[in-house]
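Undergrad: Chains as they are written, first to last, in numbering that gives the first Met the number 0: chain Z, 0 to 629; chain P, 0 to 262.
Note that beta-carbon positions come from the ideal geometry of N, C-alpha and C, so glycine has one too.
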Amino acid sequence: MTEIERHNYDVVVIGAGGAGLRAAIEAREQGKRTAIICKSLFGKAHTVMAEGGIAAAMGNVNSGDNWQVHFRDTMRGGKFLNNWRMAELHAKEAPERVWELETYGALFDRTKDGRISQRNFGGHEYPRLAHVGDRTGLELIRTLQQKIVSLQQEDYKATGDYEANIKVFQELTITELVKAGDRIAGAFGYWRESGRFVVFETPAVVLATGGIGKSFKVTSNSWEYTGDGHALALRAGAALINMEFIQFHPTGMVWPPSVKGILVTESVRGDGGVLRNSEGKRFMFEYIPDVFKEKYATTEEEGDRWYTDPDNNRRPPELLPRDEVARSINSEVKAGRGTPHGGVFLDVSTRLPAEEIKRRLPSMHHQFKELADVDITAEPMEVGPTCHYVMGGIEVDPDTGQSAVPGLFAAGECSGGMHGSNRLGGNSLSDLLVFGRRAGLGAAGYVDSLTGPRPLVTEAQVSQASKDALAPFEGSGENPYTIHTELQQVMNDLVGIIRTGEEMKLALKKLDELRQRANHIAVEGHRQFNPGWHLAIDLRNMLWISECVARAALERTESRGGHTRDDFPGMDAGWRSTLLVCTTSDEGIDVRRQDQIPLRADLLDLFEKDELGKYFVSEELSAHRAEGTA
Amino acid sequence: MTAVAENPTTSASGSRGELPPAPEGSIAVTVKLHRFNPEVDSEPRWESFDIHALPTDRVLNLLHTIKWYVDGTLTFRRSCAHGVCGSDAMRINGVNRLACKVLVKDLLASKGKHTTITIEPIKGLPVNKDLLVNMDPFLDAFKAVKPFLITYGNEPTQERIQSAADRERFDDTTKCILCACCTTSCPVFWTEGTYFGPAAIVNAHRFIFDSRDEGAEERLDILNDVDGVWRCRTTFNCTDACPRGIQVTKAIQEVKRALLFRR
């Protein structure tokens, strides 16, 4: 045990995407010695793939925008299941975070008068997404990475050590969180290169590990998305909420097979692209749900006028929230009106001049040209739903990001509540910045509040964690790749975009079998950069989290946002105020119901009572301002 | 079909033993891989795998097929898998490319001859294992050019104003994904690893020509160094290698010109 590498930090951030880096910057600015741990190389995080932009009600393009409008859009998008306090903080603070990013040096497309430009996106009433072409996520990560380099150079000038206050541990995987009593004492992991173990002693851990998409066969997510933070938190005693809600992005590539699932940005639709079926019909007009009827155009003519005259026309239904569009595409394909490769057509070629397409959507132009041999300035794209985002995650205090475990914080996609049952496009990058900062601040505040000696990581804990990590080398069963492939098929087929009770019962049975088999996984070779071993460890996390998704999805007998039940097709107001919470016990995963905290009265009053009546049961609206006069 | 190892001394491990059935329209290809496991190999070696590939497959798919079905220890980096994160730079048939952006149909041998695709790690950086290199020297050069906005006073209350034309001035060099394709294609970098290399200069350029930045002089001083821009011999390898289409050599020339005319 004496050979194990040990480090001591005030705050350890796990994950180096937008949320993790923003949290680390904040903790360092608060004077805390901070470690950033990531599975990939520093700067390669999944955030780089975000294309559309950062939603923030700055009002640079349409001065009618403000935080209240953004808040309303976010709640509508999430079908009022959102944690309203998170949605409020997010809408209020997103503009400050974007401006702050600009002062860090981020590049943005500009308005004519040189301010940050904003673009239209699904579910957002005004042009709201600050962006850089269609590479906004890349610029966000690069800017935060550069900020960290600049902080390290500041520290070097002051102390002679670049890594005095903030150090990046890249290509390192955390396998266990270690507790002393009920609170966090540290984290245990291994260097991917050498396979050697590392112990971090720290009173505060911020999880910012992103999503779970690699449990699904067709996904836009990168290899890191194996639900590590979700699983670490669950096993450490924190609760996961809203796990039944998975966002299937309506437009992923469907052909050729090697690129199936890769994302086609929503900006294509925001900038004028339309969806057509094999009969050439713009089918989205058929699928506007009642709750959105007043907000969306009913004719193609009105929808087309909206791009140039948004004040006097309603937006086209291609810009409905993602859950609605994904379900509609699925229905068209099922009804036999799909494209040759099982998607629908997304056409921008007849909508914008070729030069304009290349200017606004350069990455999409390249992506289709290079990977599918399709020139999007001349022909339509074929697209279909792809697993994109998990709304569910670690239940946290909205203001500080702290979970139920003292010292354990979470931000970004691995946390839950902010987006309710469905996230709006653009609200992810702003979420990372707003709650990344808050979690960093929360962790620093927690460290300051501690008195007495710091919690310790014991030798027995380290020895147990080492044993668990090495278990795959002792197995005599199957190769982890086989089990991973089967898991992806099960989740895709049985817990995917359209669900039924019977299929999910079957999924749970299959997940149980997969878990039995996973207990005997055999990994050959040595510990040095052994991808089979790495997958065996990630696979445990995927199995835990997949079970949470399936159990919660079976329990919720309604359809809402990113959870569609064929056997319960309607939205049920009785379920609106109920959250499903996953925790672990000796028996495995428990799912229980928890009441949603009622919407604060002043926030309730931001909506018309008629609209709320579509989502709430009438007793919940007794506090509404209209109640006295109605 | 099973894989054939040219060097049978180390057996493939984590193997399933059999490949999935060849998909319709696929072609038999040989993937010749640079292998190096520091725990057992004193020298790098070549290993060939015969697999089936669709013309629309990318080289990354071939590597996954080998890893998932034949040799679970094959090591390489990949992340986003469509050319944005810049993790999977490698030498494919002798040129630096991202494995996720090269299609098999563009590598097929002419006149129906059998196709062999040769894959090596990018050159000039230490190889850790198989196709995976130590990126530290590359990232150290990036950090050395102060790749962050430098300003002195006059903080804006909200945002700095930047005209569309000023923003356009350095648009090209902001596309960099730090994949190292350019730097590791540069003959000067191969022989003199102390050279900053094209990627670091591109990232300096991104700030030198940013109208909001006030640190151009500091960066130009750094790049005027003996290991700076004057090492560039304009062979254009970097421009050819860039998967983002950045005019790398042009950017280096612009920095040289800024140095010449700065007084």
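So, helix, strand or coil for W83 of chain Z, using DSSP?
TA: Of the three classes helix, strand and coil, the one that applies to W83 of chain Z here is helix, per DSSP.
Undergrad: Taking only the alpha-carbon atoms, compute the straight-line gap between T102 of chain Z and L493 of chain Z and give it to the nearest angstrom.
TA: For T102 of chain Z and L493 of chain Z, the distance between alpha carbons rounds to 47 Å.
Undergrad: Interface residues of chain Z around E38 of chain P at Cβ under 8 Å?
TA: Chain Z residues near E38 of chain P: H525 and Q527.
Undergrad: Under a CB-based cut-off of 8 Å, is L222 of chain P close to chain Z?
TA: Cβ-Cβ to chain Z under 8 Å: no for L222 of chain P.
Undergrad: What residues of chain P sit near R326 of chain Z, judged by a beta carbon separation below 8 Å?
TA: Simply none; closest approach about 25 Å.
Undergrad: Would you kindly work out how many angstroms separate the C-alpha atoms of K31 of chain Z and A157 of chain Z, rounded to a whole number?
TA: One C-alpha to the other measures close to 15 Å.
Undergrad: Using a Cβ-Cβ cutoff of 9 Å, what residues of the region 149-170 of chain P are near chain Z? List them in chain order.
TA: The region 149-170 of chain P vs chain Z, Cβ under 9 Å: I149, T150, E154, P155, T156, Q157, E158, R159, I160, Q161, S162, A163, D165, R166, F169 and D170.
Undergrad: Once DSSP output is grouped into helix, strand and coil, what is the label at F120 of chain Z?
TA: Three-state DSSP puts F120 of chain Z in coil, outside helix and strand.
Undergrad: Between which residues of its own chain and N127 of chain P is the CB-CB distance below 6 Å, once the five residues before and five after are set aside?
TA: Result list for N127 of chain P: N133, in chain order.
Undergrad: Evaluate contact between the region 109-127 of chain P and the region 386-403 of chain Z, counting only Cβ atoms and requiring at least three cross-stretch pairs below 8 Å.
TA: No: the two stretches stay apart, fewer than three of their Cβ pairs being nearer than 8 Å.
Undergrad: When you compare the CB of N312 of chain Z with every CB in chain P, is at least one pair closer than 8 Å?
TA: Closer than 8 Å: no.
Undergrad: Quick one, are the C-beta atoms of K66 of chain P and P530 of chain Z less than 8 Å apart?
TA: Contact flag set, yes.
Undergrad: What residues from chain Z crowd round R77 of chain P, counting only those whose CB sits closer than 9 Å?
TA: In chain order: S221 and W222.
Undergrad: Would A93 of chain Z and S429 of chain Z qualify as a contact pair, given that the criterion is a beta-carbon distance under 8 Å?
TA: Yes, the pair counts as a contact, with Cβ atoms nearer than the cut-off.
Undergrad: Pairs of beta-carbons, one from the region 87-100 of chain P and one from the region 170-184 of chain P, closer than 8 Å: are there three or more?
TA: Segments in contact, yes.
Undergrad: What residues in the region 173-194 of chain P have a beta carbon less than 9 Å from any beta carbon of chain Z?
TA: Answer in chain order: T173, K174, C175, I176 and L177.
Undergrad: Under DSSP, the alpha helix (DSSP H) around T64 of chain P begins and ends at which residues?
TA: T64 of chain P -> alpha helix (DSSP H) spans V58 to T64.
Undergrad: Going by beta carbon distance, what residues of the same chain come within less than 6 Å of H630 of chain Z, once the five residues before and after it are set aside?
TA: Summary: the structure shown does not reach residue 630 of chain Z, with chain Z confined to residues 0 through 629, and so no result is reported for it.
Undergrad: Tell me, please, whether the CB atom of P197 of chain P is closer than 8 Å to any CB atom in chain Z?
TA: P197 of chain P does not count as touching chain Z.
Undergrad: Compile a chain-ordered list of the residues in the region 135-147 of chain P whose CB is closer than 9 Å to at least one CB of chain Z.
TA: Cβ contacts with chain Z come from L138, F141, K142, K145, P146 and F147.
Undergrad: From the DSSP secondary-structure annotation, give me the bridge partner or partners of L233 of chain Z.
TA: Answer is none; L233 of chain Z lacks a bridge partner.
Undergrad: Have a look at the DSSP bridge pairing and note the partners of I183 of chain Z.
TA: DSSP lists Z:K178 as partners of I183 of chain Z.
Undergrad: Report the option in Z:V167, Z:M283 and Z:W532 whose CA atom is closest to the CA atom of I520 of chain Z.
TA: For the residues Z:V167, Z:M283 and Z:W532, the minimum Cα distance to I520 of chain Z belongs to Z:W532.
Undergrad: Could you say if the region 202-217 of chain Z and the region 444-459 of chain Z meet the contact criterion of at least three C-beta pairs nearer than 8 Å?
TA: As far as the Cβ criterion goes, the region 202-217 of chain Z touches the region 444-459 of chain Z, which means the pair count is three or higher.
Undergrad: Under the three-state reduction of DSSP, which class applies to P384 of chain Z: helix, strand or coil?
TA: Here P384 of chain Z sits in strand by DSSP.
Undergrad: Only counting the same chain, and skipping five residues up and downstream in sequence, which positions put a Cβ closer than 6 Å to that of F472 of chain Z?
TA: Here the set comprises V522.
Undergrad: I need the DSSP call for F70 of chain Z, collapsed to helix, strand or coil.
TA: Correct three-state label for F70 of chain Z: helix.
Undergrad: Closer than 8 Å by beta-carbon distance: list the chain Z residues that pair up with R57 of chain P, in chain order.
TA: Within 8 Å Cβ-Cβ: S257, V258 and L370.
Undergrad: In whole angstroms, what separates the C-alpha of I588 of chain Z from that of N236 of chain P?
TA: Looking at the two C-alpha atoms, the distance is approximately 55 Å.
Undergrad: Spatial neighbours of T173 of chain P within its chain, please: CB distance less than 8 Å, with the 5 preceding and 5 following residues excluded, ordered by chain position.
TA: Excluding sequence neighbours, T173 of chain P sits near R205.
Undergrad: For the candidate residues Z:T450, Z:Y125, Z:A442 and Z:N518, whose alpha-carbon lies nearest to that of P479 of chain Z?
TA: Nearest C-alpha to P479 of chain Z: Z:N518.
Undergrad: Is it true that the CB of L513 of chain Z sits closer than 8 Å to the CB of L534 of chain Z?
TA: No, the Cβ-Cβ distance between L534 of chain Z and L513 of chain Z is not below 8 Å.
Undergrad: Determine, using beta carbons only, whether Q488 of chain Z comes closer than 8 Å to chain P.
TA: Chain P contact via Cβ: absent.
Undergrad: In this structure, what does DSSP give as the bridge partners for K166 of chain Z?
TA: DSSP, once it has assigned bridges, lists Z:A34 as partnering K166 of chain Z.
Undergrad: What are the residues of the region 79-90 of chain P that lie near chain Z, defined by any Cβ-Cβ distance shorter than 8 Å?
TA: Those would be C79, A80, H81, G82, V83, C84, G85 and S86, in chain order.
Undergrad: At the 8 Å Cβ level, is M0 of chain Z part of the contact set with chain P, yes or no?
TA: For M0 of chain Z, the predicted structure reports a pLDDT of 45, less than 50, and the residue's modelled location is therefore unreliable. A value from the coordinates is still provided. Judged by the 8 Å Cβ criterion, M0 of chain Z is not in contact with chain P.
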